[in-house]
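Visitor: What follows is a single structure, and I will ask about it in a moment.
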Amino acid sequence: MTRARGLLLATWDFVVGDDWRTAIGVVLALAFTALVAAAGISAWWVMPPAVLGLLWLSVRRTARGA
Amino acid sequence: MSGAEIGLALSVFLACTVEAVEALTIVLAVGSTRSWSSAMRGVGAAVLALAVIVAVLGPALTALPIGVLRVIVGGLLLIFGLQWLRKAILRSAGLKAKHDELESYKQETQAARAAGGRHAGFDGYAFTIAFKGVLLEGLEVAFIVLTFGANQHRVALAAAAAGLAVLLVTTAGVAARAPLTRVPENTMKFAVGVMLSSFGMFWGAEGAGASWPGGDAALLAIIPGMLVAAVAMAKILGRGTHPAVSA
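These protein sequences, in sequence, are chains A and B. For the record, in the first sequence the residue sitting at position 30 is 30 according to the numbering used here, with numbers rising by one throughout. Here the numbering used here = 1-based position in the second sequence + 66.
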């Protein structure tokens, strides 16, 4: 493994951790916010339910595995 | 100081206090069982490395256009904050072991004694463990200092809040000469998770082009809302579970 690859993996692990689904969900929610805002529609309402939904799914997934 | 700046300073201070308490336990364990001078050299080297990381990345981040900065850094902060909050909710629900400084201290002390190879001069084990402990705990703080500081263009304020936390924890540690078991770490981690997630969501959405009703004042609704939701999740998950054994 090259040093760059090792650094990349360590950075991924540091920021994303063991729940990549939540990270993907955050990226998708932000992308949807950008789309809605670009269409000229108020977009602030997208993130709160998306974040709470992602958090709930994440804790439930981990709790079931515990 | 604006409300967002107070939130920034408070979040960094709480996060740094928690990480500093954990780092202090490691340093105390190797310092008292192996070598204080080597452990302190390890601490110094790690603090220097962290200062270089913040000094190099801070100006680089603040040079980005604010929209790009907010969506990237806000998104990263949100992902990072949700990790903290998920673990905090699981701890609060009794599904994950709560952090216990005394137990950590005992484990570190046993490992330090078992490592062997002690010399009168420089002790490589004490140096390495202290360096790694402070660097790893400090990296999380550096990440929070950089993301919060860069978004508000107040890296210096974030660094000052982190410095104050380190100073207080170090002073308390020197006075007590023992792990700081009375610091409510698990509650503080819960609070930090809420703050990181709230600010990450706020900045990420703004960077993506959304405008929050009331501007910065929206944080006064977002933070309590996130807290209430997280507490409710912990309560729902905690029903019928038995507290996990501390580790």
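Glycine included, every Cβ here is placed at the ideal spot set by N, Cα and C. Since we're looking at a predicted model, the values are computed, not measured.
At what residues does the alpha helix (DSSP H) containing A:Trp20 begin and finish?
Guide: Taken as a continuous stretch (DSSP letters only), the alpha helix (DSSP H) holding A:Trp20 covers Trp20 to Ala38.
Visitor: Can you tell me which of the three DSSP states A:Thr2 falls into?
Guide: Coil.
Visitor: Under the three-state reduction of DSSP, which class applies to A:Leu54: helix, strand or coil?
Guide: A:Leu54: helix per DSSP, three-state reduction.
Visitor: Using the rule of at least 16 other Cβ atoms within 10 Å of the residue's Cβ for burial, across every protein chain shown, is A:Ile24 buried or exposed?
Guide: By the 10 Å Cβ count, A:Ile24 comes out exposed.
Visitor: Anyone know if the C-beta pair for B:Ala238 and B:Leu230 falls short of 8 angstroms?
Guide: Cβ atoms of B:Ala238 and B:Leu230: not closer than 8 angstroms.
Visitor: For the segment 80 to 99 of chain B, enumerate the residues whose C-beta is nearer than 7 angstroms to any C-beta of chain A, in chain order.
Guide: Correct list: empty, as no residue qualifies.
Visitor: Quick one: grab the DSSP three-state call for B:Gly304.
Guide: The answer is helix: DSSP assigns B:Gly304 an H, G or I state.
Visitor: Determine whether the Cβ of B:Ala274 lies closer than 8 angstroms to any Cβ atom of chain A.
Guide: Chain A contact via Cβ: present.
Visitor: Tell me the DSSP secondary structure of A:Trp12 in three-state form.
Guide: Helix, per DSSP.
Visitor: Specify, as a first and last residue, the run of the alpha helix (DSSP H) that B:Leu156 falls within.
Guide: Looking at the DSSP string, the run of the alpha helix (DSSP H) that includes B:Leu156 is Ile132 to Ser158.
Visitor: Which residues in chain A sit within 8 angstroms of B:Val109, going by Cβ to Cβ distance?
Guide: Near B:Val109 there are no residues of chain A at all, since even the closest Cβ is about 21 angstroms away, more than 8 angstroms.
Visitor: Distance cutoff 8 angstroms, beta carbons only. Does B:Met267 sit that close to anything in chain A?
Guide: Closer than 8 angstroms: yes.
Visitor: Since A:Thr2 meets chain B, which of its residues come closer than 9 angstroms, beta carbon to beta carbon?
Guide: Going along chain B, no residue has its Cβ under 9 angstroms from A:Thr2, so there is no contact; the nearest lies around 21 angstroms.
Visitor: Is any heavy atom of the ligand MG found at a distance shorter than 7 angstroms from the C-beta of B:Thr99?
Guide: The ligand content of the structure shown is nil, which means the ligand MG is not present either.
Visitor: Find the nearest neighbour of B:His165 within the set B:Leu142, B:Ala225 and B:Lys153, judged by alpha-carbon distance.
Guide: Comparing Cα positions, the closest option is B:Lys153.
Visitor: So B:Phe146 contacts chain C; which residues on that side make the cut at Cβ distance below 7 angstroms?
Guide: In the displayed structure, chain C is absent; the protein chains listed are A and B.
Visitor: Which same chain residues, not among the five before or five after B:Lys301, have their C-beta less than 8 angstroms away from its C-beta?
Guide: Excluding sequence neighbours, B:Lys301 sits near Ala159.
Visitor: In whole angstroms, what separates the C-alpha of B:Ala86 from that of B:Pro290?
Guide: The alpha-carbon atoms of B:Ala86 and B:Pro290 are separated by roughly 26 angstroms.
Visitor: If you draw a straight line from the C-alpha of B:Met67 to the C-alpha of B:Ala226, how long is it?
Guide: Their backbone Cα atoms lie some 14 angstroms apart in a straight line.
Visitor: Of all Cβ atoms in chain A, is any one closer than 8 angstroms to the Cβ of B:Pro279?
Guide: Yes, B:Pro279 counts as interfacial toward chain A.
Visitor: For B:Thr128, which residues in the same chain have their Cβ closer than 7 angstroms to its Cβ, ignoring the five residues on either side in sequence?
Guide: Closer than 7 angstroms at the Cβ level, and outside the excluded window around B:Thr128, lie Ala216, His219 and Val221.
Visitor: According to DSSP, is B:Met261 helix, strand or coil?
Guide: If DSSP states are grouped into helix, strand and coil, B:Met261 belongs with the helices.
Visitor: So, are the CB atoms of B:Leu223 and B:Leu74 less than 8 angstroms apart?
Guide: Contact flag set, yes.
Visitor: How many Å lie between B:Ala180 and B:Val96 at the Cα?
Guide: Going from the Cα of B:Ala180 to the Cα of B:Val96 covers about 11 angstroms.
Visitor: For A:Pro49, which residues in chain B fall below 9 angstroms Cβ to Cβ?
Guide: Those do not exist, as A:Pro49 stays about 10 angstroms from chain B at its closest Cβ, beyond 9 angstroms.
Visitor: Got a sec? Which residues, its chain only, sit under 6 angstroms from B:Phe193 by beta carbon, not counting five neighbours each side?
Guide: If we look at B:Phe193 and ignore the five residues flanking it on each side, its Cβ neighbours are Ser104, Arg107 and Gly108.
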